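According to this note's numbering, the sequence shown is numbered sequentially starting from 1.
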Amino acid sequence: MGKPTGFIEFLRELPSEISPSDRIRNWDEFHLHMPEEKLRTQGARCMDCGIPFCHTGTLISGMASGCPINNLIPEWNDLVYRGLWKEALARLHKTNNFPEFTGRVCPAPCEGSCVLGINNPPVTIKNIEYSIAEKGWDEGWITPELPQKRTGKKVAVIGSGPAGLAAAAQLNRAGHWVTVFERADRPGGLLMYGIPNMKLDKEEVVLRRLNVLEEEGVKFICNTEVGKDLPAEQLLKEFDAVLLCTGATKPRDLPIEGRDLKGIHFAMEFLTANTKAILDKSDAPIFAGGKDVVIIGGGDTGTDCVGTSIRHGCNSLVQVEILPKPPAERAADNPWPEWPKVYKMDYGQEEAAAMFGDDPRVYTTTATKFEGDESGHVKAVHSVQVQWEKNEKGQFIPKHVPGTEKVIPAQLVLLAMGFLGPEQPLLDALGLERDARSNVKADHGKFATSIPGVFAAGDCRRGQSLVVWAINEGRGAARECDRYLMGNTDLP
Numbered sequence: 001m002g003k004p005t006g007f008i009e010f011l012r013e014l015p016s017e018i019s020p021s022d023r024i025r026n027w028d029e030f031h032l033h034m035p036e037e038k039l040r041t042q043g044a045r046c047m048d049c050g051i052p053f054c055h056t057g058t059l060i061s062g063m064a065s066g067c068p069i070n071n072l073i074p075e076w077n078d079l080v081y082r083g084l085w086k087e088a089l090a091r092l093h094k095t096n097n098f099p100e101f102t103g104r105v106c107p108a109p110c111e112g113s114c115v116l117g118i119n120n121p122p123v124t125i126k127n128i129e130y131s132i133a134e135k136g137w138d139e140g141w142i143t144p145e146l147p148q149k150r151t152g153k154k155v156a157v158i159g160s161g162p163a164g165l166a167a168a169a170q171l172n173r174a175g176h177w178v179t180v181f182e183r184a185d186r187p188g189g190l191l192m193y194g195i196p197n198m199k200l201d202k203e204e205v206v207l208r209r210l211n212v213l214e215e216e217g218v219k220f221i222c223n224t225e226v227g228k229d230l231p232a233e234q235l236l237k238e239f240d241a242v243l244l245c246t247g248a249t250k251p252r253d254l255p256i257e258g259r260d261l262k263g264i265h266f267a268m269e270f271l272t273a274n275t276k277a278i279l280d281k282s283d284a285p286i287f288a289g290g291k292d293v294v295i296i297g298g299g300d301t302g303t304d305c306v307g308t309s310i311r312h313g314c315n316s317l318v319q320v321e322i323l324p325k326p327p328a329e330r331a332a333d334n335p336w337p338e339w340p341k342v343y344k345m346d347y348g349q350e351e352a353a354a355m356f357g358d359d360p361r362v363y364t365t366t367a368t369k370f371e372g373d374e375s376g377h378v379k380a381v382h383s384v385q386v387q388w389e390k391n392e393k394g395q396f397i398p399k400h401v402p403g404t405e406k407v408i409p410a411q412l413v414l415l416a417m418g419f420l421g422p423e424q425p426l427l428d429a430l431g432l433e434r435d436a437r438s439n440v441k442a443d444h445g446k447f448a449t450s451i452p453g454v455f456a457a458g459d460c461r462r463g464q465s466l467v468v469w470a471i472n473e474g475r476g477a478a479r480e481c482d483r484y485l486m487g488n489t490d491l492p
């Protein structure tokens with residue numbers, strides 16, 4: 001694949017980005033396009049490794065290793081190297097319904113398991129994927145593909161995030177009539193409201209794919225919460241099958257003193273309101289401008305809060321992370337092809353460093369108390385450093401370190417500590433069996449719930465995870481749903 005000696009001849013190179021000090025002035029995507037010749041050179045670095053791990057999609061130590069949707073990465077790297085872009089797009093679409101999404105927001109576990117990455121910088125797989133998809137849109141190669149015939153079967157998909165959209169696309173391709181129910185005012189779920197515009201443009205990227213799905217026959221019904229606006233029993237009667245793709249939207253709280261003060265919000269409440277304000281061309285109801293902001297949580301959602309707060313014009317910003325700072329290189333207990341747990345500055349931290357002079361994250365630190373003013377609004381976060389020790393069960397737990405207490409000024413606090421699972425009212429209304437973590441109980445590969453004809457996929461089944469895992473599950477659940485409806489299936 002690629003050029004046999006390409007990985008020796010060419011260095012890893014990524015496209016330029018708009019500088020942090022310039023890009024924080026707007027909500028536009030900030031990654032610039034790379035010239036075609038350079039992209040072909042990067043494709044040439046794919047090294048004909050014999051046993052590629054990039055598309056394995058396995059879990060090692062609880063983290064993804066390789067592509068969860070089994071993208072045929074060496075094949076389309078080679079096609080790009082040879083300038084066969086349309087063929088590369090066809091190969092990419094065999095496994096991925098939405099490469100323009102994953103090419104932007106996926107953390108690229110494929111690159112973490114690239115064989116070249118054992119002792120060299122890995123192939124720029126994510127950027128090549130993004131470039132193939134954008135080439136397809138620019139050239140007009142991505143157009144609606146209507147099914148050759150209709151089965152007459154009706155399927156309801158609840159939730160229009162990546163799992164729901166992937167399932168809807170595949171079920172429609174099989175010829176079923178698909179209706180997607182979304183409680184928000186726009187379809188797209190996490191893709192529309194959970195990921196900020198500068199990472200994934202809504203009008204230019206998300207809506208163009210939604211428009212294609214609609215032209216292919218998928219019907220979207222928004223502002224409709226199943227179990228509240230529409231009885232769940234009615235859905236079971238009117239449709240031949242139901243697929244739950246509601247996500248894991250129950251946020252983890254921080255029940256410490258002062259939690260009821262004004263100015264403390266869950267991260268998704270902040271991010272959703274901000275994106276809706278951009279799309280509606282209105283003022284953001286939760287505004288960070290001129291405020292000292294403390295973000296509690298160090299993951300992708302926390303980073304998105306950093307980037308959003310900076311664009312609002314916050315006065316200062318601190319991101320509290322309870323885990324230790326990762327090492328600069330792989331630790332001995334984190335070998336290839338595991339996901340590399342190494343220190344890096346994501347886009348939000350780069351922007352904070354440009355604005356305030358340093359990475360905003362403080363590690364091995366936790367909040368102990370929220371302090372309020374006389375009007376009941378938060379004014380400070382009390383914190384303490386922790387050290388991780390084993391308890392009597394051998395589990396690592398954080399212990400406070402005396403003498404490390406600090407008080408951090410804050411008029412806005414954002415809780416970005418992950419999610420605990422799906423919201424339960426709909427699951428209660430359907431009477432579905434749950435697993436020990438409150439997720440819908442349905443085996444991976446089968447996706448069937450405790451009710452015949454009802455399937456589950458994505459974060460509501462597996463727990464909080466990556467967009468690419470959601471696409472994997474949506475496609476898999478569509479396959480099994482089609483098998484249930486028709487007795488067999490041709491879906492992959």
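Ideal Cβ positions, reconstructed from N, Cα and C, are used throughout, including at glycine.
Quick caveat, the model's predicted, so the values are computed rather than measured.
Within the same chain, R45, M47 and L116 come within 6 Å of F7 by CB-CB distance, once the 5 residues on both sides are set aside.
According to the DSSP assignment, P162 belongs to the alpha helix (DSSP H) that extends over P162 to R173. By the beta-carbon neighbour count (other beta carbons within 10 angstroms, threshold 16), R361 is buried. Of all C-beta pairs linking the stretch 136-146 to the stretch 116-126, fewer than three are shorter than 8 Å, placing the two stretches out of contact. Between the stretch 47-62 and the stretch 108-115, the count of C-beta pairs closer than 8 Å reaches three or more; the two stretches touch. For S316, the enclosing beta strand (DSSP E) starts and ends at S316 to V320. Taking a C-beta distance under 8 Å as the contact criterion, A90 and C245 do not qualify as a contact pair. Taking 3 residues as the shortest admissible run, the stretch 55-107 contains the following complete beta strand (DSSP E) segments, listed from N- to C-terminal end: 58-60 and 63-65. DSSP places H312 in the helix class (H, G or I) of the three-state scheme. Following the DSSP letters along the chain, one finds S450 in no beta strand (DSSP E), marked with neither H nor E.
Judged by DSSP in its simplified three-state form, A331 adopts coil rather than helix or strand.
Rounded to the nearest angstrom, the gap between the Cα atoms of D283 and G43 is 44 Å.
By the neighbour-count criterion, in which a residue is buried when 16 or more other Cβ atoms sit within 10 angstroms of its Cβ, R150 is exposed. In this structure, the alpha-carbon of L432 lies about 6 Å from that of S450. DSSP places P4 outside both helix and strand once states are collapsed to three, so it counts as coil. By the Cβ-count criterion, M417 is buried, with 16 or more other Cβ atoms from all chains shown falling within 10 Å of its own Cβ.
R40 is the residue among V401, R40 and C460 whose C-alpha sits nearest the C-alpha of F10.
Secondary structure note for P398: its beta strand (DSSP E) is the uninterrupted segment F396 to H400. Residue burial annotation: R209 is buried, with at least 16 other C-beta atoms found within 10 angstroms of its C-beta. Judged by DSSP in its simplified three-state form, W137 adopts helix. Classified as buried, S465 has 16 or more neighbouring CB atoms from the shown chains inside 10 Å of its CB.
Note that the stretch 319-332 touches the stretch 340-359; at least 3 beta-carbon pairs, one per stretch, sit closer than 8 Å. Around the CB of A436, fewer than 16 other CB atoms lie within 10 Å, so the residue is classed as exposed. With 16 or more other CB atoms across the displayed protein chains lying within 10 angstroms of its CB, R479 is buried. By the Cβ criterion, the stretch 376-392 is in contact with the stretch 403-418, since at least three pairs of Cβ atoms, one from each stretch, lie closer than 8 Å. Scanning K228, I264, D22 and G57 for the CA closest to the CA of H377 turns up I264.
Here E423 has T246, T249 and K250 as same chain residues with Cβ atoms under 8 Å from its own Cβ, once five neighbours each way along the sequence are excluded. Rounded to the nearest angstrom, the Cβ distance from K154 to D240 is 5 Å, consistent with a contact under 8 Å. The stretch 468-485 makes contact with the stretch 157-172; the number of CB pairs closer than 8 Å reaches 3 or more. In the displayed model, K369 falls within a strand according to three-state DSSP. According to the DSSP assignment, L415 belongs to the beta strand (DSSP E) that extends over L412 to L415.
Leaving aside the five residues that flank G290 on each side, the residues in its chain whose CB is nearer than 7 Å to its CB run, in chain order, G313 and N315. If you draw a straight line from the Cα of F287 to the Cα of A64, it comes to about 35 Å. Under the DSSP definition of a beta bridge, W388 partners with P398. Straight across, the Cα-Cα distance linking D333 with L14 is about 29 Å.
With distances taken between CA atoms, E37 lies nearest to R82 out of L171, R82 and G62.
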